[in-house]
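J.: Counting in numbering that gives the first Met the number 0, the sequence shown runs from 0 upward without gaps. Okay, here's the structure, questions in a sec.
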Amino acid sequence: MSLAPPEHAPATATATPAGRGTPTHTDRARPGRRRLLTRDSVPYLLITPAVLGFAIFKAYPIVSSLWISLTTGNGDSRHFAGIANYRRLLDDPLFWTALKNTALILVVQVPLMLGLALLVALALNSTKVRLRPLWRLGVFVPSLTGLVAAGVMFSVILNRDAGLLNWVLSLFGVDRVNWLGSPFWARVGVVLVITWHYTGYNAVMYLAGLQGIPRELYEAAMVDGAGPVRRFVSITLPQLRPILLLTVVLSTIGTLQLFDEPYVLTGGGPDNATLTVTMYLYNNGFKYFDFGYASAIAYALALIVSVLGILQVRLMGERR
């Protein structure tokens, strides 16, 4: 008896579902699309616009300004000059005046502002203060004011003849102060504007850090007999170290880049007493159109900011 199937018997085949085993005709027709849109490639496609934006609007200007800092001339007629602009920078007395003014404001204003911010944060964190949300809002509102608007407002407040501050001082028998016409008082006026504008911003950051400190630490210290000062030094400051470091670094960078407030208040005067590095950069770049020298000033400022930032992180960072 023969076991061979009859010749007219239909051949059987196992159907392969689409997407399994042998690819279908549709899958074979579009191999490129499947390779482009995969689980691994989609994240890169999503970040492509951000990368392109960074490359066009950040990376290219940085590299271009570095090249411009090594050239001299105006417009398209630029000539390679090596480090001539940086040598000029070292011999420029006006640059050193601007750097000295910026450093003076930094040394005075940053500790004053951060100290006041910490005191405000400690007060707002106290349970004895009523209407704390309202006070927190009031403290933070100045930081929402535009820098130019703040400068214009204080130019009116600090006016020698009709300013609000001199009027208040006159009630106590104090003579009028030439806030914006005297080199010393002009610097004081700039410090007042910056302190008013940013104290609340830093206070809110400190307040967030204070609220993150476990209450058990204070309760244990009180059981051991530690007083308020001891608790502040041994618990509050160490717990706030990361936020203190952040605010110090950000405040230092912001002060070294100071431009809007002195530009609106005094224009760099009187007698260049409030001329800052960024104002000097602006004058060279957009008044005298000396873009090569302005770019050299920008890179010198970036170097100063980097060095100070590294030093602050080394001095105030966590010690392991």
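Beta carbons are placed, not taken as given, at the ideal position from N, Cα and C, and that holds for glycine.
Assign Val-203 to one of two classes, buried (16 or more other C-beta atoms within 10 Å of its C-beta) or exposed (fewer than that).
T.: It is buried - the Cβ of Val-203 has at least 16 other Cβ atoms within 10 Å.
J.: So which of Gln-311, Val-187, Ile-252 and Phe-258 has the shortest CA-CA distance to Pro-240?
T.: The sequence shown places Arg at residue 240, not Pro. Comparing Cα-Cα distances from Arg-240 to each of Gln-311, Val-187, Ile-252 and Phe-258, the minimum goes to Gln-311.
J.: Which of the three DSSP states is assigned to Ser-142 in this structure?
T.: It is helical.
J.: Where does Thr-275 fall in DSSP's three states?
T.: If DSSP states are grouped into helix, strand and coil, Thr-275 belongs with coil.
J.: Which of the three DSSP states is assigned to Arg-175 in this structure?
T.: Three-state DSSP puts Arg-175 in coil, outside helix and strand.
J.: Do the stretch 290-308 and the stretch 108-118 make contact, defined as three or more Cβ pairs closer than 8 Å?
T.: No: the two stretches stay apart, fewer than three of their Cβ pairs being nearer than 8 Å.
J.: Could you tell me whether the Cβ atoms of Met-315 and Leu-236 are closer together than 8 Å?
T.: Going by C-beta atoms, Met-315 is not nearer than 8 Å to Leu-236.
J.: Roughly how many angstroms lie between the CA atoms of Leu-170 and Gly-188, to the nearest whole one?
T.: Approximately 20 Å between the Cα atoms of the pair.
J.: DSSP three-state call for Ile-309: helix, strand or coil?
T.: DSSP places Ile-309 in helix when its eight states are reduced to three.
J.: Can you tell which of Gly-284, Thr-251 and Asn-283 has the C-alpha that lies nearest to the C-alpha of Leu-103?
T.: The residue with the shortest Cα to Cα distance from Leu-103 is Thr-251.
J.: My assumption, with CB atoms under 8 Å, is that Gly-291 sits in contact with Ser-68. Please give the rounded CB distance.
T.: With 8 Å as the limit, Gly-291 and Ser-68 qualify as a contact, their Cβ atoms being about 6 Å apart.
J.: By the 10 Å Cβ neighbour count, where 16 or more other Cβ atoms means buried, how is Pro-261 classified, buried or exposed?
T.: So Pro-261 counts as buried.
J.: Considering just the uninterrupted stretch of the alpha helix (DSSP H) at Thr-101, what are its terminal residues?
T.: Here the alpha helix (DSSP H) through Thr-101 covers 92-123.
J.: Which whole-angstrom value describes the C-beta separation of Met-278 and Ala-97, a residue pair presumed to lie in contact below a C-beta threshold of 8 Å?
T.: About 7 Å separates the two Cβ atoms, so the contact holds.
J.: What are the boundary residues of the alpha helix (DSSP H) that Arg-240 is part of?
T.: Taken as a continuous stretch (DSSP letters only), the alpha helix (DSSP H) holding Arg-240 covers 240-255.
J.: Give me the residue from Phe-288, Leu-280 and Lys-286 with the minimum Cα distance to Leu-93.
T.: The shortest Cα separation from Leu-93 among Phe-288, Leu-280 and Lys-286 belongs to Leu-280.
J.: At the level of alpha carbons, what is the spacing between Ser-76 and Val-62?
T.: Cα to Cα, the separation comes out at about 19 Å.
J.: Taking all protein chains shown into account, decide if Trp-166 is buried (16 or more other Cβ within 10 angstroms of its Cβ) or exposed.
T.: Trp-166 is exposed by the Cβ-count criterion.
J.: Under 8 Å, with one C-beta from each stretch per pair, do the stretch 141-156 and the stretch 177-193 reach the 3-pair mark?
T.: Counting Cβ pairs under 8 Å, three or more are found: they touch.
J.: For Leu-264, does the count of other Cβ atoms within 10 angstroms reach 16, so buried, or fall short, so exposed?
T.: The residue is buried, with at least 16 neighbouring Cβ atoms inside 10 Å.
J.: Need the endpoints of the alpha helix (DSSP H) that Gly-268 sits in, please.
T.: Per DSSP, Gly-268 belongs to no alpha helix (DSSP H) and is neither H nor E.
J.: Roughly how many angstroms lie between the CA atoms of Gly-180 and Gly-267, to the nearest whole one?
T.: So the alpha carbons of these two residues sit roughly 11 Å apart.
J.: Who are the near neighbours of Leu-105 in its chain, counting only those whose CB is closer than 7 Å to its CB and skipping five residues on each side?
T.: Within the same chain, Leu-105 has close Cβ partners Thr-251, Thr-254 and Leu-255.
J.: Mind reading off the beta-carbon distance from Leu-249 to Leu-123? Whole number of angstroms is fine, and I expect it under 8 Å.
T.: About 20 Å separates the two Cβ atoms, so there is no contact after all.
J.: Does DSSP classify Ser-68 as helix, strand or coil?
T.: Coil.
J.: Taking buried to mean at least 16 other C-beta atoms within 10 Å of its own C-beta, is Val-173 buried or exposed?
T.: Val-173 comes out exposed.
J.: My output table needs one value for Asp-26: the three-state DSSP class, helix, strand or coil.
T.: Confidence at Asp-26 is low in this model, with a pLDDT of 49, below 50, so its placement is unreliable and the value that follows should be read with caution. DSSP places Asp-26 in helix when its eight states are reduced to three.
J.: Which of helix, strand or coil does DSSP assign to Asn-84?
T.: Helix, per DSSP.
J.: Check this for me: beta carbons of Leu-168 and Val-176, under 8 Å apart or not?
T.: It is a contact, given that the beta carbons lie within the stated cut-off.
J.: Can you tell me whether Arg-129 is helix, strand or coil according to DSSP?
T.: Reduced to three states, the DSSP call for Arg-129 is coil.
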